[in-house]
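**Student:** Before we start, here is the structure in question, set down as structure tokens.
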Ligand SMILES: Nc1nc2c(c(=O)[nH]1)N[C@H]1C(S)=C(S)[C@@H](COP(=O)(O)O)O[C@H]1N2
Ligand SMILES: [Mo]
């Protein structure tokens, strides 16, 4: 009896290892070809199919940690099925091999249909095809060696030695493929990014005014360092595009279609601007906002050259993986600094932030304006298309709502009684912050001291001095834009067009 269970367990482990070696080899092939790893093909489709509330939860509670968790979840499900297949395979080998084939087929189907940065058919299919074949072969080998013997052959159980040999050989191959992929860097790596020579901008940003940063420890840095910049995207593997292979197509309701290479773009008039980016998913007081110094080509210049035809009211932009974003034409042509950005804080865009080219448009949430890894721009009409997020219940047009955040003190911090300081940031891109006020408990609104303004397209810091008396106290902040509109106290969730309401922080005063 004990023997039988340990044989089942061994067979289950064998099934898992068969699946593991297939995934590891697929992982290697994906890295070499730049095609999608089948796990990621399934994962990207799960992201696209996930109901709004699930996605909102993932963004809110997990942030970028949702990606490894999604991969892990898919691998756990696969491991469970593979374990069952391994056990079944002791008696019915063809069934186990059939299960491996079906799992591989699922990966292949998702690789065909999921969004992916892979453009060629071969690169798109190769990783999943190799995974499928490996899965079938590995499952056949494992189950053959774990087969339940007929009583006549080997009454004492399966051939332990042969099983261990098969399984460890597969494990070594799998581990080798995995390690090779992690250690070697295939495809366009940091080298292609490092090779980019950024020309000097034709129109440089003025130096940051002194006093944009309040001198209070714990307040956000005025310029968000690239590695700290928030990130929102919908792929499991960041696209790594070689600028030499990159092209931007501008077409649709234009007089003349354009195709711009990366070199063409760098040859054009480049402007350098400080622009604060915000995500529509940011909760009141949340972290999905960052400020950077960008260099890019004015989108208006490119559109003017293409010649926008009458009747167009939108630009539909598409990233290399086929994700679409719809932006009002007016926001790109009304004189604001909407750009095809090529640089972020003095370096080529990081891969995570859209290398080689992305859009940045002051005043609009990222999901309607900030297309990363952009490859296609179509001048069109809103009535003629719908974009990725609007298909998922988010608003078609989404100007950024006025917001303010308390960075210091942190929530539930304990501070000393007496003179105290609170500080934070406020933003209302392309309108400009005119006033920030703080309320202690239910007291009157009192003005905070504003830090220097960089531009109306950037966030603005503030500090507030108060006298803390012992007990528990609540600080609430609100901002007013340059047109005199006071930030609303009426709270709204991020969906469908951005969170609203006032941020507050509770502190204990000793
Ligand atoms: N290709 C692509 N572009 C994208 C996204 C994406 O998922 N894919 N996310 C958008 C959203 S919702 C936001 S808020 C910004 C975030 O840009 P960041 O990740 O550089 O901060 O990019 C936008 N551009
Ligand atoms: Mo976003």
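In this note's numbering, the protein residues as written are -19 to 490.
Even for Gly, the Cβ is constructed at its ideal location relative to N, Cα and C.
These numbers were taken from a predicted model, which means no experiment stands behind them.
Helix or strand or just coil, what does DSSP make of residue 135?
**Tutor:** Position 155 of the chain shown, counted from the first residue, corresponds to residue 135. With a pLDDT of 47 at residue 135, under the threshold of 50, the modelled position of that residue is not reliable, and the figure given next carries that caveat. Three-state DSSP puts residue 135 in coil, outside helix and strand.
**Student:** So, helix, strand or coil for residue -17, using DSSP?
**Tutor:** As a first step, residue -17 is located in the chain shown; it is residue number 3 there, counting from the start. It is helical.
**Student:** Once you ignore the five residues that flank residue 281 on each side, which residues in its own chain have a CB closer than 8 Å to its CB?
**Tutor:** The residue you call residue 281 lines up with position 301 of the chain shown. 248 and 249, listed in sequence order.
**Student:** Measuring straight from C-alpha to C-alpha, what distance separates residue 222 and residue 168?
**Tutor:** Your numbering for residue 222 matches position 242 in the chain shown. Your numbering for residue 168 matches position 188 in the chain shown. Residue 222 and residue 168: Cα-Cα distance of roughly 6 Å.
**Student:** Could you confirm whether any beta carbon from chain D is found closer than 9 Å to the beta carbon of residue 310?
**Tutor:** This model lacks chain D altogether, as it is built from one protein chain only.
**Student:** By the DSSP assignment, the alpha helix (DSSP H) with residue 263 in it spans what residues?
**Tutor:** Against the chain shown, residue 263 aligns to sequence position 283. It is not in any alpha helix (DSSP H) - residue 263 carries neither H nor E in the DSSP assignment.
**Student:** Could you pull out every residue in the same chain whose Cβ sits closer than 7 Å to the Cβ of residue 332, ignoring the five residues on either side in sequence?
**Tutor:** Counting from one through the chain shown, the residue named residue 332 turns up at place 352. Cβ neighbours of residue 332 beyond the five flanking positions: 211 and 218.
**Student:** Could you spell out the range, first to last residue, of the alpha helix (DSSP H) harbouring residue 62?
**Tutor:** The sequence position of residue 62 within the chain shown is 82, counting from 1. Secondary structure note for residue 62: its alpha helix (DSSP H) is the uninterrupted segment 46 to 68.
**Student:** Would you report the Cα separation of residue 144 and residue -11, rounded to the nearest angstrom?
**Tutor:** Here residue 144 refers to the residue found at position 164 when the chain shown is read from its first residue. Here residue -11 refers to the residue found at position 9 when the chain shown is read from its first residue. Between residue 144 and residue -11, the C-alpha separation is close to 13 Å.
**Student:** Give me, in chain order, the residues of the same chain whose beta-carbon lies closer than 6 Å to that of residue 136; leave out the 5 immediate sequence neighbours on both sides.
**Tutor:** Residue numbering aside, residue 136 sits at position 156 when the chain shown is read from its first letter. In this prediction, residue 136 scores a pLDDT of 48, lower than 50, which makes its location untrustworthy; the coordinate-derived value is nonetheless stated afterwards. When the five nearest sequence neighbours on each side are left out, no beta carbon in the same chain lies closer than 6 Å to the beta carbon of residue 136.
**Student:** Looking at the strands, I want to know which residues DSSP matches up with residue 271.
**Tutor:** Position 291 of the chain shown, counted from the start, is the residue given in the question as residue 271. Per DSSP, 256.
**Student:** With respect to the alpha helix (DSSP H) encompassing residue 123, which residues constitute its N-terminal and C-terminal limits?
**Tutor:** Within the chain shown, numbered from 1, the residue matching residue 123 stands at position 143. Residues 101 to 125.
**Student:** Ordered along the chain, which non-local residues of its own chain (more than five positions away) have a Cβ less than 8 Å from that of residue 99?
**Tutor:** Translated into positions along the chain shown, residue 99 becomes position 119. Around residue 99, the same chain offers 300 as residues with beta carbons nearer than 8 Å, after the five sequence neighbours per side are excluded.
**Student:** Leaving out five residues on either side along the sequence, give the residues of the same chain with a beta carbon under 8 Å from the beta carbon of residue 206.
**Tutor:** Here residue 206 refers to the residue found at position 226 when the chain shown is read from its first residue. These residues qualify, in order along the chain: 272, 324, 325, 327, 330 and 333.
**Student:** Would you kindly report the start and end of the unbroken beta strand (DSSP E) that includes residue 299?
**Tutor:** To locate residue 299, count along the chain shown from 1; it is residue 319. Note, residue 299: beta strand (DSSP E), 294 to 299.
**Student:** Given a cut-off of 9 Å on the beta-carbon distance, is the pair residue 320 and residue 279 in contact?
**Tutor:** Here residue 320 refers to the residue found at position 340 when the chain shown is read from its first residue. Here residue 279 refers to the residue found at position 299 when the chain shown is read from its first residue. Yes, they are a contact pair.
**Student:** Enumerate in chain order the residues of its own chain whose CB-to-CB distance from residue -6 is below 6 Å, with the five nearest sequence positions on each side excluded.
**Tutor:** Here the question's residue -6 lines up with position 14 in the chain shown. Cβ within range, chain order: 66, 122, 126 and 147.
**Student:** Does the beta-carbon of residue -15 have 16 or more other beta-carbons within 10 angstroms, so that it is buried, or is it exposed?
**Tutor:** On the chain shown, position 5 is the one that residue -15 refers to. Answer is exposed; the Cβ neighbour count stays below 16.
**Student:** Please find out if some non-hydrogen atom of ligand 1 comes closer than 8 Å to the beta-carbon of residue 99.
**Tutor:** Position 119 of the chain shown, counted from the start, is the residue given in the question as residue 99. Checking the 8 Å criterion, the Cβ of residue 99 is out of range of every heavy atom belonging to ligand 1.
**Student:** Whole angstroms is fine: what's the gap from residue 267's alpha carbon to residue 197's?
**Tutor:** Stepping through the chain shown from its first residue, residue 267 is reached at position 287. Stepping through the chain shown from its first residue, residue 197 is reached at position 217. Answer to the nearest angstrom: the Cα atoms are 17 Å apart.
**Student:** Near residue 382, what residues of its chain come up, given a Cβ to Cβ distance below 7 Å and the 5 sequence neighbours on each side ignored?
**Tutor:** Numbered from its first residue, the chain shown carries residue 382 at position 402. Excluding residues within five positions, the ones whose Cβ falls inside 7 Å are 408, 459, 461, 465 and 467.
**Student:** For the beta strand (DSSP E) holding residue 425, just list the boundary residues, first then last.
**Tutor:** Here residue 425 refers to the residue found at position 445 of the chain shown. Where residue 425 is concerned, the enclosing beta strand (DSSP E) stretches over 425 to 427.
**Student:** Apart from the five residues on each side of it in sequence, which residues of its chain come closer than 8 Å, Cβ to Cβ, to residue 51?
**Tutor:** In the chain shown, counting from the first residue as 1, residue 51 sits at position 71. Hits under 8 Å: 19, 20, 23 and 216.
**Student:** Flag residue 346 as yes when its Cβ comes closer than 8 Å to any non-hydrogen atom of ligand 2, and as no otherwise.
**Tutor:** As a working note, residue 346 is residue 366 in the chain shown. Yes - ligand 2 has a heavy atom lying nearer than 8 Å to the Cβ of residue 346.
**Student:** With hydrogens ignored, establish whether the beta-carbon of residue 372 is closer than 8 Å to any heavy atom of ligand 1.
**Tutor:** One-based indexing of the chain shown puts residue 372 at position 392. No, the beta carbon of residue 372 sits no closer than 8 Å to any heavy atom of ligand 1.
**Student:** Would you call residue 178 buried or exposed, if buried means 16 or more other Cβ atoms sit within 10 Å of its Cβ?
**Tutor:** Mapped onto the chain shown, residue 178 falls at position 198. Its Cβ having fewer than 16 others within 10 Å, residue 178 is exposed.
**Student:** Flag this pair as yes or no: are the beta carbons of residue 0 and residue 106 separated by less than 9 Å?
**Tutor:** For the purposes of this step, residue 0 is taken as residue 20 along the chain shown, with counting starting at 1. For the purposes of this step, residue 106 is taken as residue 126 along the chain shown, with counting starting at 1. Not closer than 9 Å, so no.
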